[in-house]
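A.B. asks:
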Amino acid sequence: MRQTLLFLRKQIVKMPNSPAAPLPEDNASHSAPSLSPFHLAIQVHDLAAARKFYGERLGCPEGRSAETWVDFDFFGHQFVCHLNKQKTNESLAYNEVDGHGVPVPHFGVVLDLAAWSELAERLTALEINFVIAPYIRFAGEPGEQGTMFFFDPSGNAIEIKGFRDLRSLFAK
């Protein structure tokens, strides 16, 4: 299962509409966003559970670690889980979007729609408890996208998006 996601990640980087790939000249007015790896550090109440969830379930390769933290390659970004055994979700809120309660704060990644669909099927087969099950927003409109929300074992909200054309990430 980890090999499948590693394969997908490599394919996304090779895709012609990937933010890392140059765009054809005729699409200059609809350019893809520039992409620099971000660094995100979150709190988790159990590092072993975080390793299983991010490493095994999401397929994120593990990087450096110490007794109280571990970092992962989260789809090309540096993602660090810091141990806080007292972590709670008291400040978690929900905003209504498309009739769904979107957990705030949340973080995630944007994938090509084919990779998003495959990951959605995989997470469904793994019986991930979705806060918002995979669905398509803005169907047939600029910015059409797949989205899904779920929590990690420490209650951190994650959104995975998928775009048919990554150049429409900021479409109005």
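Take UniProt numbering: the last position of the sequence shown gets the number 172, and nothing is skipped along the way. Ideal placement from N, C-alpha and C gives every residue a C-beta, glycine not left out. A quick note: this is a predicted structure, and the numbers were derived from the prediction, not measured.
I want to see whether chain B comes within less than 8 angstroms of Glu67, judged by CB atoms only; does it?
C.D. replies: Looking at the structure shown, chain B is missing, and only one protein chain is on hand.
A.B. asks: How long is the line joining the alpha carbons of Lys52 and His82, rounded to whole angstroms?
C.D. replies: Going from the Cα of Lys52 to the Cα of His82 covers about 15 angstroms.
A.B. asks: Considering Arg122, what are the terminal residues of the beta strand (DSSP E) in which it resides?
C.D. replies: Element bounds for Arg122: not the beta strand (DSSP E) but the alpha helix (DSSP H), 113-125.
A.B. asks: Run the CB neighbour count on Val109, radius 10 Å, all protein chains shown included, and call it buried at 16 or more, exposed below.
C.D. replies: Label assigned to Val109: buried.
A.B. asks: Among Gly76, Gly59, Asn84, Lys172, which has the Cα closest to the Cα of Asp46?
C.D. replies: Among Gly76, Gly59, Asn84, Lys172, the Cα nearest to that of Asp46 is on Asn84.
A.B. asks: Can you name, in chain order, every residue of its own chain whose Cβ lies under 7 angstroms from the Cβ of Ile160, other than the five neighbours on each side?
C.D. replies: Once the five neighbours on either side are set aside, the close Cβ partners of Ile160 are Gly108, Val109, Leu111, Trp116, Leu119, Met148.
A.B. asks: Fully enclosed by the UniProt domain "VOC" (36-163), which alpha helix (DSSP H) runs are 4 residues long or longer?
C.D. replies: Those alpha helix (DSSP H) runs which fall completely within the UniProt domain "VOC" (36-163) and span 4+ residues are 47-50, 113-125.
A.B. asks: Taking the alpha-carbon positions, what's the Gly76 to Ser168 distance?
C.D. replies: Using only the alpha carbons, I get a separation of about 20 angstroms.
A.B. asks: Please name the residue in Ala114, Tyr54, Glu121 whose C-alpha comes closest to that of Asp71.
C.D. replies: If we check each option's Cα against that of Asp71, Tyr54 comes out closest.
A.B. asks: Lys172 to Leu166, Cα distance in whole Å?
C.D. replies: Distance between the alpha carbons of Lys172 and Leu166 is about 14 angstroms.
A.B. asks: If you count every other CB in all the chains shown that lies within 10 Å of the CB of Phe138, and 16 or more means buried, which is it?
C.D. replies: By the 10 Å Cβ count, Phe138 comes out exposed.
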